[in-house]
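Numbering (the working numbering), first residue to last: 5 to 177.
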Amino acid sequence: MLLNRPRGFSLVELMVTVAVLATVLAIGVPSMRTFVENGRIRAAGESWQYGLTLARNEAVRLNLPVAFVVDVSGWRVQRATDNTVLHRGSGKESTKGLDLRIDPEDASTVTYDSFSRVIPNRDGSEPIEMVDIGAARPPGSAGYRPLRLQLLSGGLVRLCDPAAEDDDPRKCL
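So this is what it looks like as structure tokens:
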């Protein structure tokens, strides 16, 4: 004998499920946004670090001055003597929605010599010394981590955390 039981959810069960889901989303979405923003900042920083390191290495390999140049489409590595492009940033690590503050303010190029040292740019402009990378609209959670790209003496490039504690190896120099 079959009993006639109603199938499905009652209104109370459905409302409890929606309330639990809304609570989980309210807690998780800000953390997820911070995670995504930190990932975008890290990807852009590592891309620039790769480009600068590549320019430095190519200058040594070619025994010629090589420049890392920032433009509207991203960055490129080129021979400083004839501006032949050797490599371009892929564009997958877009800086759209990020806030990049380059120091000095109007700098857009770093030129390396064959000894991997930073030398004056051919156009007389100041070379890039530091880039602060952050979100254009930073999330309000505690895990948000903007980064800094530093060009150290000797042409070395370092990606660091400007908010790190003094005993933290990620601390900027």
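For glycine and all other residues, C-beta sits at the position ideal for the given N, C-alpha and C.
Contact between Val64 and Thr113 fails: their C-beta atoms lie close to 18 Å from each other, not under 8 Å.
Boundaries for Gly128: no beta strand (DSSP E) harbours it, and the DSSP string shows neither H nor E there.
Ala140: not part of any beta strand (DSSP E); DSSP gives it neither H nor E.
Between the C-alpha atoms of Ser98 and Ser14 there is a straight-line separation of about 48 Å. Your pair Val122 and Pro108 does not check out as a contact, with CB atoms roughly 13 Å apart and the cut at 8 Å. Taking a cut-off of 8 Å on C-beta distances, the stretch 79-88 touches the stretch 45-63, as three or more cross pairs fall below it.
With the rule of 3 Cβ pairs closer than 8 Å, the stretch 26-43 does not count as touching the stretch 83-96. In the DSSP assignment, no residue is bridged to Arg44.
Comparing alpha-carbon positions, the option among Arg152, Gly159, Ser145 lying closest to Glu50 turns out to be Arg152.
Going by DSSP, Tyr116 is part of the beta strand (DSSP E) stretching over 113-116.
Excluding residues up to 5 positions away in sequence, Ile106, Asp107, Arg152, Leu153, Gln154, Leu155 lie with their Cβ nearer than 8 Å to the Cβ of Met134 in the same chain. Restricting attention to Arg162, Ala168, Leu102, Asn125, the CA atom closest to the CA of Pro142 is found in Leu102. Within the same chain, Ser112 come within 8 Å of Asp75 by CB-CB distance, once the 5 residues on both sides are set aside. With contacts defined by Cβ atoms closer than 8 Å, Ser145 and Asn67 do not form a contacting pair. When DSSP states are grouped into helix, strand and coil, Arg60 belongs to the helix group. Burial state of Pro150 is buried, judged by a 10 Å Cβ sphere holding 16 or more other Cβ atoms. With contacts defined as CB atoms closer than 8 Å, Ser120 and Gly159 qualify as a contacting pair.
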